[in-house]
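First comes the structure, then the notes that go with it.
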Amino acid sequence: AILCSPIQMITPFTTSWKKRNVSVNKNWYRRIHRFSGRVYILCAVLSFIFGQWFIFLKKFVLVGGYNMGLAFSAAGFAIAYFAYMTWKTAPSRGTDGRHTV
């Protein structure tokens, strides 16, 4: 996802206006955007799972003590939860002309 982001940000500005309106270019951009989003969500969920596993193996005693273990655990849960909610709600948004992706 991180490697595709520069392509997503540069592509709309480097093509001419007429080429941007062609549906082939829009579909290509849309496919890259969706693929990088799926990769990001997969990485977020996997980092949560393996991060929790690491924290549990260390028995919540990290470098910063129990507070750090609890804070990292909560942050990992929040990242995984919001990634899941993005995966669940993003495809259901209809395009009403304002959204191009």
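Everything in the sequence shown is counted per my numbering, starting at 31 for the first residue and increasing by one.
Cβ coordinates follow ideal geometry from the N, Cα and C atoms, glycine included.
What you are looking at is a predicted structure, and each value in this text was computed from that prediction instead of being measured.
Where residue i sits in the DSSP three-state scheme
i	result
Gly99	helix
C-alpha gap between residue i and residue j, whole angstroms
i	j	result
Phe78	Arg64	21 Å
Tyr59	Gly67	12 Å
Tyr96	Asn57	48 Å
Thr116	Leu76	15 Å
Ala74	Tyr111	9 Å
Trp47	Ala105	The pLDDT assigned to Trp47 is 48, lower than 50, so where the model puts this residue is not dependable, and the model offers no usable value.
Phe107	Gly94	19 Å
Residues near residue i by beta carbon distance below 7 Å, same chain, minus five either side
i	result
Ser103	Gln82 and Ile85
Thr119	none
Beta-carbon proximity of residue i to residue j, cut-off 8 Å
i	j	result
Ile71	Ala113	yes
Contact set for residue i: own chain, Cβ-Cβ below 6 Å, skip 5 residues either direction
i	result
Gly99	Ile85, Phe90 and Leu92
Own chain partners of residue i with C-beta closer than 8 Å, once the 5 adjacent residues on each side are dropped
i	result
Lys88	Gly99
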